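For our numbering, add 224 to where a residue sits in the sequence shown, where the first one is 1.
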Amino acid sequence: MRDTEPDQDDLLRENEELRRQIQELKVAGNGGHAAPASWHPSATTIWAIFLAAIVLVVVAFFAGYLPLRRQRDIIAAETREQDRALPRVEVIEVARSSDKNGIELPGNVQAITEAPILARADGYIVRRLVDIGDHVRADQPLAEIEAPEMDEQIRQAKAALNQVQAGVDQASANYERGKADEDLAKVTAQRWSALAARGAVSRQENDRYQAEYRALTAATQALEKAVAMQKSNVAAAEANLARLDKIQSYRLVKAPFDGVITLRNIDVGALVNAGNTMLFRIAQINTLRTYVNVPQSNANAVTVGQTATLTVSNLPGRRFTGTVARTASALDPASRTLLVEVHVPNPDRALLPGMYARVDLIGARSGARLSIPSEALIARGQGTEVAVVGADHIVHLQKIEVGRDYGDRLEVIAGLREGDMIVPNPSDVVREGLRVEPVPLTQGTPAASPGR
225 MRDTEPDQDD LLRENEELRR QIQELKVAGN GGHAAPASWH PSATTIWAIF
275 LAAIVLVVVA FFAGYLPLRR QRDIIAAETR EQDRALPRVE VIEVARSSDK
325 NGIELPGNVQ AITEAPILAR ADGYIVRRLV DIGDHVRADQ PLAEIEAPEM
375 DEQIRQAKAA LNQVQAGVDQ ASANYERGKA DEDLAKVTAQ RWSALAARGA
425 VSRQENDRYQ AEYRALTAAT QALEKAVAMQ KSNVAAAEAN LARLDKIQSY
475 RLVKAPFDGV ITLRNIDVGA LVNAGNTMLF RIAQINTLRT YVNVPQSNAN
525 AVTVGQTATL TVSNLPGRRF TGTVARTASA LDPASRTLLV EVHVPNPDRA
575 LLPGMYARVD LIGARSGARL SIPSEALIAR GQGTEVAVVG ADHIVHLQKI
625 EVGRDYGDRL EVIAGLREGD MIVPNPSDVV REGLRVEPVP LTQGTPAASP
675 GR
């Protein structure tokens, strides 16, 4: 505030102004003629000027200094009153966090199905029908292999099949002849047995015919086994021919499922070996899967069917929604994390296998814990504390146990109760046992966090 008391320069200027006015009055009294240069003011004039100056000083004192002094006294009184009043601190009520659980973790995007395509036949590549990035359908031809040795093997297998089939026919004919001999021996043996019973022939002759019958019966059984063996050879030859025919069909390499070619490892004229040469790699990307490792503290909150949201850095503003398909149901002892597989539909093929993504797992949880702002935490040597204002308006530094850290908010496991009033951002003035005047924080109050 500007001091209104007149200073010395103002008084001097007013004094000179009075002298000038007195001089003009004297000139006017002399008929308009200036006084002689040797004129000196009289004692009366000097006293009049002196009294006028005193009057001006007194007027300035009452007009400036006294109001200023009165205002200073008011300010001092207000200061003393504020010193005697309780300090005002903003407080918030401790509440529970949302029943929605959320955690953001890194993940690797992979194809839902991916398989290498290897050669099943030896030979040379005659035609290559697809290349990297081509979208193919199931059973679509990808390449053709030339294998002339395979044709020779098939002809050899067919000849062997014909040979064993001829052996079956021969064994069957032998069996039929042996069966006829057995039937004749059976009738002869029966006749000689009847004659021997009546004493018409000797027993020796009867025994010879009976022995011949048994020998032919055994021979017939052997021929039957030979027929069965030849039939088994036919089945083996047919199986070998079917195997060669199947391998022959592998000369035309086909896609096992709908997908996209992600790798091409051969070209026309390349020599391929069955089971060793990888021709292509195919991936199904209409639906992708992402693997994330969930920490132990959040493992119980992840369930199958839970919603998950994916974001990738090269597609800003886009969010891809998926679901938790399965979990490992066990923690990795090395990292103490739970492996979770998330399936994400990819109809427009915007996501590509191999991408790095941020996976936001969102789901319901039970037993939501208390939540406080991060600024309310007081970290000291004796532990973590918060400033609690009791019903008696006295500050108590309460020790707490902190759970999950969400950045702007903290979960409190122990030490606080729902409804407690705490100081959201305590300063150095807030100390143990301080009596304060709590003021509810109404503007800018952070809302209860949903676990994010």
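Ideal placement from N, C-alpha and C gives every residue a C-beta, glycine not left out. Just so you know, these numbers come straight off a predicted model, no measurement behind them.
- Collapsing the DSSP output to three states places L665 in coil.
- In this structure, DSSP gives G402 a helical state, which the three-state scheme calls helix.
- The Cβ-Cβ distance between L575 and V333 falls below 8 Å.
- Taken in chain order, the complete beta strand (DSSP E) segments of 3 residues or longer contained in the region 312-348 are 312-317, 324-342.
- For the set L468, L275, N489, the Cα lying nearest the Cα of A371 is the one of L468.
- Secondary structure remark: continuous beta strand (DSSP E) runs of at least 3 residues inside the region 593-661, in chain order: 594-597, 602-604, 607-613, 619-623, 625-629, 633-638.
- Per the coordinates, the alpha-carbon of A343 lies some 38 Å from the alpha-carbon of T535.
- Distance from L476 to R505 at the Cβ level is roughly 19 Å; contact not present, criterion being Cβ atoms closer than 8 Å.
- The beta carbon of E406 lies closer than 6 Å to those of L440, T441, T444 in the same chain, with the five residues before and after it left out.
- A straight-line Cα-Cα distance of about 12 Å links V496 and A367.
- DSSP, reduced to helix, strand and coil, places M579 outside both helices and strands of the structure shown, so it counts as coil.
- No residue range can be given for I356, since it is assigned to no alpha helix (DSSP H) and is classified by DSSP as neither H nor E.
- S396 carries a helical assignment under DSSP once its states are collapsed to helix, strand and coil.
- Burial check for N430: the Cβ neighbour count within 10 Å reaches 16 or more, so the residue is buried.
- When the five nearest sequence neighbours on each side are left out, the beta carbons in the same chain lying within less than 6 Å of the beta carbon of T501 are those of A343, in order along the chain.
- For the options Y399, L385, A413, S396, the alpha carbon positioned closest to that of N457 is the one of L385.
- For I490, no beta strand (DSSP E) encloses it, and the DSSP letter there is neither H nor E.
- Across the structure, S553 and S521 are spaced so that their CA atoms are roughly 14 Å apart.
- Secondary structure of Q389 (DSSP, three-state): helix.
- As the crow flies, the alpha-carbon of A319 is around 19 Å from that of T608.
- Nearest to V451 by alpha-carbon distance, out of Y399, V647, S473, P571, is Y399.
- Between the alpha carbons of F481 and N489 lies a distance of about 19 Å.
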